[in-house]
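> In the working numbering, the protein residues as written are 31 to 194.
Beta carbons: idealized from backbone N, C-alpha and C, even for Gly.
None of the values given here were measured: they were computed from a predicted structure.
(1) What's the C-alpha gap between residue 177 and residue 48?
(2) Could you compute how far the alpha carbon of residue 166 sits from the alpha carbon of residue 159?
(3) Given a cut-off of 8 Å, decide if residue 59 and residue 153 are closer than it, judged by their beta-carbon atoms.
(4) Leaving out five residues before and five after residue 56 in sequence, what residues of the same chain have Cβ atoms less than 8 Å from its Cβ?
(5) Taking all protein chains shown into account, do 16 or more other C-beta atoms lie within 10 angstroms of the C-beta of residue 79, making it buried, or fewer, making it exposed?
(6) Do residue 161 and residue 69 count as a contact pair if the criterion is CB distance below 8 Å?
(7) Cutting at 8 Å between CB atoms, please list the residues of its own chain near residue 148, excluding the five before and the five after it.
(8) Which of helix, strand or coil does DSSP assign to residue 163?
(9) Determine the closest residue to residue 143 out of 180, 156, 67 and 130, with distance taken between C-alpha atoms.
(10) Check residue 108 in the structure and name its three-state DSSP category.
(11) Can you grab the Cα-Cα spacing for the pair residue 53 / residue 189, in whole Å?
(12) Comparing alpha-carbon positions, which option in 45, 51, 182 and 187 lies nearest residue 136?
(13) Near residue 44, which residues of its chain fall below 8 Å by C-beta distance, leaving aside the five closest residues on each side in sequence?
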C-alpha cells in the first residue's frame, strides 16, 4: 500500500547515460539550494553582526563622561577634548556600519531567493529536455550569478573598510 503512494510518476528507460544525466541535474539542484541557504545565512549574519554591536553604546557613555569631565565648570584640563572628538568619530563610524547592515543583508537574502528560483527553474528545464534526448547548455546564468556575487562581496568589503 505504501509503495503505491511513492510511485514515481515518470519512468524512463536507462539507456546510455539517462540515469547519470538525471542524477546530475538533481545534484545541481541540491547545490543551488545549498548555495542559496548559505547566502541567506550570510545575509542574516551580516545584518546581525552590525546590528548587535554593543560598542557604540559603551562609546557613547564614555563620550558623555568625557564631555562632563571637560566642562568649564569642573575646571578640568581641556586636553581630553581631542580624546572626546576621537570617540565621537568612533561612534559615528559605528552608526554608519549599522546604516549599511540592513540593505546589505537584504540584498544577500534577495540574491539567495533569486538563486533558488533560478536553480529550480533550471532543474525542471533540464528534466524536460532530457526526456527529448536534448540538453540545454547554460552559459549566461553562471556568469551572471558569479559576477553579481562578486560585486556583492566587493561592496561588503568596501563598506567594512570605509567604516574603519
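The answer reads as follows:
(1) 32 Å
(2) 7 Å
(3) yes
(4) 153
(5) exposed
(6) no
(7) 62, 171 and 175
(8) coil
(9) 67
(10) In this prediction, residue 108 has a pLDDT of 47, which is less than 50 and means its spatial position is unreliable; nothing more can be read from the coordinates.
(11) 41 Å
(12) 182
(13) none
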